[in-house]
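Notes to accompany the following structure.
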Amino acid sequence: MADFSVEFARFEEFVELRNSRTTTLPDIYRTGGTAAAANEAIAEEEEIPTIDFSLLMSDNPDQRAKIIKDIGEACNQWGCFIVVNHDMPERLGTRMLEAVAGFFNLPAEEKTEYMSGELFGGVRFGTSNNLSAKDVRYWREFLRVIVQPTFNSPAKPVNFREISGEYVRRMRGIYTELLRALWESLGVSWSSVEEMLRMESAATIVLVNNFYPECPQPEAALGQPPHTDNSLVSIVMQSRNISSLQVMHRGKWVPVKFIPNSLFFLAGDILEVFMQIVSNGIYKSLLHRVKVSSERSKISVVSFIGTSLESVVAPLPQLVDGADRPAAFRAVTYKEYIELQKTQMLLGKSCLDHLRL
1 MADFSVEFAR FEEFVELRNS RTTTLPDIYR TGGTAAAANE AIAEEEEIPT
51 IDFSLLMSDN PDQRAKIIKD IGEACNQWGC FIVVNHDMPE RLGTRMLEAV
101 AGFFNLPAEE KTEYMSGELF GGVRFGTSNN LSAKDVRYWR EFLRVIVQPT
151 FNSPAKPVNF REISGEYVRR MRGIYTELLR ALWESLGVSW SSVEEMLRME
201 SAATIVLVNN FYPECPQPEA ALGQPPHTDN SLVSIVMQSR NISSLQVMHR
251 GKWVPVKFIP NSLFFLAGDI LEVFMQIVSN GIYKSLLHRV KVSSERSKIS
301 VVSFIGTSLE SVVAPLPQLV DGADRPAAFR AVTYKEYIEL QKTQMLLGKS
351 CLDHLRL
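In terms of the UniProt record's numbering, the sequence shown opens at residue 1 and continues consecutively.
Structure (structure tokens):
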């Protein structure tokens, strides 16, 4: 269990710093201004693959086969893709972002009611990142809400429960079709995987809602450090035309350009573990980070899709074959993996490396 008093003190420190109108960040927040970071290459010209979701749902078998192939290639080469023409109504997405903004605009004392040391608490508010990062701070507030298998919601704003419930219902249909296509791209039946992982009845869905306020020294800070997600897959909805989310591709950081009413799909650690054999190691979890801006705040809603907490995270047993195709990771439950990540310094793929054999 995390130390609640430490987390509360960090939030008070963050609020005080934002209200001080300082133009110089304390060293503990200067996570993006290192000498190494100054030499990092940014590939503005790179284009992340775009997937037309409507073609995936097409009755035309040739169109569907083509888009499944495109999804496989995007995951192979990038570990991510942008989704357009999906089934999430634009108005619902806007209302979800407005509800999240409404929560972050609540008085501090109302938000901190949801500050808890319970890692698996239904609704959890905090700032920065996990408490294991003792010597660094990140320019971020978050609201973490478990919405499946048990649905949770903050009491305020009053419309949050209704809007997030409909948002999750729509998201469930989108991620199911994308996962089906991802497995089909490798010639694996999604129905058998879905049953084994209990995705229909007991999948874990967590909405991680992020608020990145205006930052006085954006070149020196980060909203989130380079990391991979502990999910099977994550699907991101972003607000405003700010390329704050960046992904690592061939040794360079590529900004995720804002496309109105689009979603951003990325592979998580659990997908890499499950698919390490069948994909011959080519489907990797995506290293990404979040930059901040001095001119605009930013909100994102990230749907973390995982298996049931009790599911064993290991290469699929039917795909492991002794010495010829050995498992590359030791087995743990999904719950144990989340706990492991939250007690480790979140940096790169350091947590996934703990499972490698």
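Note that beta-carbon positions come from the ideal geometry of N, C-alpha and C, so glycine has one too.
Limits of the alpha helix (DSSP H) - the one that residue i falls within
| i | result |
| --- | --- |
| residue 190 | 190–197 |
| residue 54 | 53–56 |
| residue 335 | 334–342 |
| residue 273 | 269–274 |
Beta-carbon separation (whole angstroms), residue i vs residue j, contact threshold 8 angstroms
| i | j | result |
| --- | --- | --- |
| residue 263 | residue 242 | No, residue 263 and residue 242 are not in contact; Cβ-Cβ is about 16 angstroms, not under 8 angstroms. |
| residue 260 | residue 202 | The pair is not a contact, with the Cβ atoms about 34 angstroms apart (cut-off 8 angstroms). |
| residue 307 | residue 197 | 5 angstroms |
| residue 352 | residue 269 | 5 angstroms |
| residue 384 | residue 221 | Any property of residue 384 remains undetermined from this structure, which presents the chain solely from 1 to 357. |
| residue 163 | residue 95 | 5 angstroms |
| residue 284 | residue 218 | Not quite, the Cβ-Cβ distance comes to about 29 angstroms (not below 8 angstroms), so this is no contact. |
| residue 108 | residue 15 | 6 angstroms |
| residue 124 | residue 144 | 4 angstroms |
| residue 128 | residue 10 | 6 angstroms |
| residue 231 | residue 305 | 6 angstroms |
| residue 79 | residue 355 | With a Cβ gap of about 18 angstroms, residue 79 and residue 355 do not count as contacting. |
| residue 237 | residue 300 | 7 angstroms |
First through last residue of the beta strand (DSSP E) which encompasses residue i
| i | result |
| --- | --- |
| residue 176 | No beta strand (DSSP E) holds residue 176; the alpha helix (DSSP H) holding it covers 160–184. |
| residue 258 | Premise fails: residue 258 is in no beta strand (DSSP E) and is neither H nor E. |
| residue 144 | 141–148 |
| residue 298 | 298–306 |
| residue 288 | 288–290 |
Burial state of residue i, where buried means 16 or more other Cβ atoms lie within 10 Å
| i | result |
| --- | --- |
| residue 54 | exposed |
| residue 32 | buried |
| residue 1 | Because residue 1 sits at a pLDDT of 44, beneath the cut-off of 50, its placement in the model cannot be relied upon, and the following sentence gives the value as read from the coordinates. Under this definition residue 1 is an exposed residue. |
| residue 250 | exposed |
| residue 204 | buried |
| residue 126 | buried |
| residue 216 | buried |
| residue 185 | buried |
| residue 61 | exposed |
| residue 26 | exposed |
| residue 272 | buried |
| residue 93 | buried |
| residue 209 | buried |
| residue 82 | buried |
| residue 69 | exposed |
| residue 233 | buried |
| residue 77 | exposed |
| residue 187 | exposed |
| residue 90 | exposed |
| residue 7 | buried |
| residue 338 | buried |
| residue 191 | exposed |
| residue 311 | buried |
| residue 20 | exposed |
is_contact[residue i, chain B] using C-beta, thresh 9 angstroms
| i | result |
| --- | --- |
| residue 29 | Absence of chain B from the displayed structure is noted, only one protein chain being present. |
(Q) Which complete beta strand (DSSP E) runs does the region 73–122 hold, if anything under 3 residues is left out? (A) 80–84
Q. Would the region 258–273 and the region 214–226 be scored as touching if the rule is three or more Cβ pairs under 8 angstroms?
A. no
Q: Flag this pair as touching only if the region 96–106 and the region 156–168 have three or more C-beta atom pairs under 8 angstroms; answer yes or no.
A: yes
Q.
Within 8 angstroms, do at least three Cβ pairs link the region 241–258 to the region 295–307?
A. yes
Q) Taking contact to mean at least 3 C-beta pairs separated by less than 8 angstroms, is the region 89–100 in contact with the region 164–176? A) yes
Q. Counting only runs that start and end within the region 201–245, where is the alpha helix (DSSP H) found for 4 or more residues in a row?
A. none
(Q) Quick check: the region 44–58 against the region 247–260, are at least 3 beta-carbon pairs closer than 8 angstroms? (A) yes
Q: Any chance you could list the alpha helix (DSSP H) runs of at least 4 consecutive residues sitting entirely within the region 3–31, in chain order?
A: 4–19
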